[in-house]
Amino acid sequence: MRVQRGSIYGLLGASGCGKTTLLSCIVGRKKLDSGDVWVLGGVPGTENSGVPGCRVGYMPQDINLVGEFTVKGAISYFGRILDMTDELIEERFKSLKKLLDLPPDDRMIKNCSGGQQRRVSFAAAMVHKPELLILDEPTVGLDPVLRDSIWNYLVEISQKENTAIVITTHYIEEAKQANYVGLMREGRLLAEDSPERLLNLFRCDTLEDVFLILCMRQEEGQLSDLEYNIDEHQNGGLQSAESASSIALSEMGHGSLDILTKKSPPIKRNKQIGTFSLNKNHLKALMAKNYLQYFRNTAGLVFNLIFPIIEMLAFLSAIGGDVKNIGLGIVNDEYPLSACNHYNRMNTAIPYSIAECNFTELSCRFLEDVRDPMIHEVYYEDFESAVNDASHGKIIGVLHISQNFSESYKDRLVKGGDADDGTLDSSQIKVWLDMSNRQIGATLKFKLLSKFVDFQRGLTKDCRLPKKLAEIPIHFNYEYGSDQETYTVYMTPGVLLTIMFFMGTTPR
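Residue numbers for the sequence shown, in our numbering: 3 to 510.
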């Protein structure tokens, strides 16, 4: 496929034959598996090629305009991206508006019809007067009068401004106005020449008939891979259609190949900052686009305001807080529940010497200290009933206090290593936990341990003993944070990151 400067090349073919894929390769949006593409003297996507960039104008088949732009705003955006001044953008917009019969300046793109959006996309591709203009189905759905006006304009800029134009269309007869046409089917270029030469070669009245003949020959296997036959062109043209087993194409011989070999003009480079470049026009255009997308998209604006609030409320209500109302069975063999309801806390620890204290009703005092929103206390008369309910999942664990707990606890402290096994056993608070739910079980275990430490601290204070006697002989220091901080504090930075992620990836 060869396209020369100052010409219109019509690429014809049915939907799905590969036209759009080929154009994507030409503008550098896709890469070829094999073969070469040269555009304006360079390979698309390479440094200083200008493709994709300011040297090419591309109107894709799909409408890829920002819906929150106005018609004029869309053209201004692409003009700024292409480093055009506001005065030049205004001048080009006025001429393109008249040519393409664009909608009112202040109409938003999302409120335009499909045909109107295609015309705006067409104008955006032409606003900077590119050297190469690639148009993918630009005239679909347009009024015949407007279509004729567009073709006249394309012919004019190709002749006066030496612009190379590649245009795809379903309207085969419309392509007669092109200088050259390429007929494509199933990913292969069947023929390529001027419309007049193809009509004469195949002795047909319409390009549709030419296309039909080529398709039939392709189906019959009479077409080999197409190749240029420069010698034959110099000797008088193409082979006869009847005698050729393959169709040899002329070299587009009415023009030169300077579009392939002409050295690319130097591309103006922006001031480098490290490995990045900063362009004020680009920055201005992108900031304006993001601002308009945000504030003109009502649904997106509401989402961005409401979503963080909803996520934080859901997080704070469901994650990080302490569990509540964990069922804990309590069996107190020292004092019944009725007695503990009327005990006097001040009488549970009475010092009577420097090193000794009189303990009474310690089980009632401990159960008072255990009270917490996390724990739902369920009292039982006997241990067997409590264990039975725990085995059936009615409660998470059982806490059992022995009959002589207060006296045994005192003897344990006073006698130390001389205390007998019965005393040591009675001074223990025994707990059975259902660890099948490890998170709940471990949480309850940690809570009971911390409550027991608080219980011992209270006793040492009332007995006028050193506070450190109640502590375990391991002291923890915290370089950062505190052991009193909740899991919510730990999780909050991660939640904020997820909010930033979702807001950044939400389609505008």
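Built from N, CA and C at the ideal position, the CB exists for glycine as well.
Q: Give the DSSP-derived three-state secondary structure of residue 480 in the structure shown.
A: coil
Q. So residue 107 and residue 72 are in contact, right, with Cβ under 8 Å, and what is the actual spacing, rounded?
A. 6 Å
Q: Select from 361, 318, 344, 345 the residue whose C-alpha is nearest the C-alpha of residue 352.
A: 361
**Q.** Enclosing alpha helix (DSSP H) for residue 303 [first to last residue]
**A.** 300-320
Q: Just the C-alpha distance for residue 455 and residue 350, rounded to the nearest angstrom, thanks.
A: 17 Å
Q.
Which residue wins for smallest C-alpha separation from residue 163, given the options 33, 8, 101?
A. 8
Q.
Pairs of beta-carbons, one from the region 85-97 and one from the region 17-27, closer than 8 Å: are there three or more?
A. no
Q: Indicate the three-state DSSP secondary structure (helix, strand or coil) for residue 293 in the structure shown.
A: Residue state, collapsed to three classes: helix.
Q: Give me the Cα-Cα distance between residue 379 and residue 344, rounded to the nearest whole angstrom.
A: Distance between residue 379 and residue 344, taken at the CA atoms: about 17 Å.
Q | 3-residue-minimum beta strand (DSSP E) runs that sit fully inside the region 391-460, ordered along the chain | A | The region 391-460 contains these whole beta strand (DSSP E) runs: 399-403, 431-435.
Q | Closest residue to residue 400 among 392, 407, 53 (Cα-Cα distance) | A | When C-alpha distances from residue 400 are compared across 392, 407, 53, the shortest belongs to 392.
Q: List the residues that DSSP assigns as beta-bridge partners of residue 206.
A: None, per the DSSP bridge assignment.
Q. Since residue 209 contacts residue 175 with CB under 8 Å, what's their CB separation in whole angstroms?
A. 6 Å
Q: Spatial neighbours of residue 70 within its chain, please: CB distance less than 6 Å, with the 5 preceding and 5 following residues excluded, ordered by chain position.
A: 294, 295, 298, 299, listed in sequence order.
Q: Give a yes or no on whether the C-beta atoms belonging to residue 325 and residue 385 are separated by under 9 Å.
A: no
Q. Does DSSP classify residue 467 as helix, strand or coil?
A. Note: residue 467 maps to coil in three-state DSSP.
(Q) Between which two residues does the beta strand (DSSP E) holding residue 359 run? (A) 359-361
Q: With DSSP collapsed to three states, give me the class of residue 54.
A: coil
(Q) On a Cα-Cα basis, can you pick out the residue from 412, 373, 435 that is closest to residue 394? (A) The option with the nearest alpha carbon to residue 394 is 435.
**Q.** Pair within 9 Å by beta-carbon distance, residue 10 and residue 169
**A.** yes
Q) Helix, strand or coil: how does DSSP classify residue 166 here? A) In the three-state reduction of the DSSP assignment, residue 166 falls in the strand class, which pools E and B.
Q: Grab me the residues of residue 310's own chain with a C-beta within less than 6 Å of its C-beta, minus the 5 sequence neighbours each way, in chain order.
A: 501
Q) According to DSSP, what are the bridge partners of residue 31? A) Beta-bridge pairing links residue 31 to no other residue.
Q | Three-state secondary structure (DSSP) of residue 334 | A | strand
Q. Counting Cβ pairs, one atom from each stretch, are 3 or more of them under 8 Å apart for the region 122-137 and the region 49-67?
A. yes
Q) How about residue 404 and residue 447: are their beta carbons less than 9 Å apart? A) Against a cut-off of 9 Å, the Cβ pair of residue 447 and residue 404 comes out as no contact.
Q) Taking the C-alpha atoms as reference points, what is the distance between residue 461 and residue 430? A) The alpha-carbon atoms of residue 461 and residue 430 are separated by roughly 16 Å.
Q: Measure the beta-carbon distance from residue 184 to residue 13 and round it to whole angstroms, keeping in mind my assumption that it falls under 8 Å.
A: 5 Å
Q: Give the range of the beta strand (DSSP E) segment to which residue 186 is assigned.
A: Looking at the DSSP string, the run of the beta strand (DSSP E) that includes residue 186 is 182-187.
Q: Just mark residue 66 as buried or exposed, buried being the case when its beta carbon has 16 or more other beta carbons within 10 Å.
A: By the 10 Å Cβ count, residue 66 comes out exposed.
Q) Can you tell me whether residue 492 is buried or exposed, with buried defined as 16 or more other CB within 10 angstroms of its CB? A) exposed
Q. Just checking my contact of residue 339 with residue 381 at CB under 8 Å: how many whole Å lie between their CB atoms?
A. 5 Å
Q | residue 90 - containing beta strand (DSSP E), residue span | A | Counting along the chain, residue 90 falls outside any beta strand (DSSP E), though it belongs to the alpha helix (DSSP H) covering 88-102.
(Q) For residue 477, count the other beta carbons within 10 Å of its own beta carbon; 16 or more makes it buried, fewer makes it exposed. Which is it? (A) exposed
Q: Could you tell me which residues DSSP pairs with residue 380 in its beta bridges?
A: 331
(Q) Strictly by DSSP, which residues pair up with residue 23? (A) The partner list for residue 23 (beta bridge, DSSP) is empty, contrary to what the question assumes.
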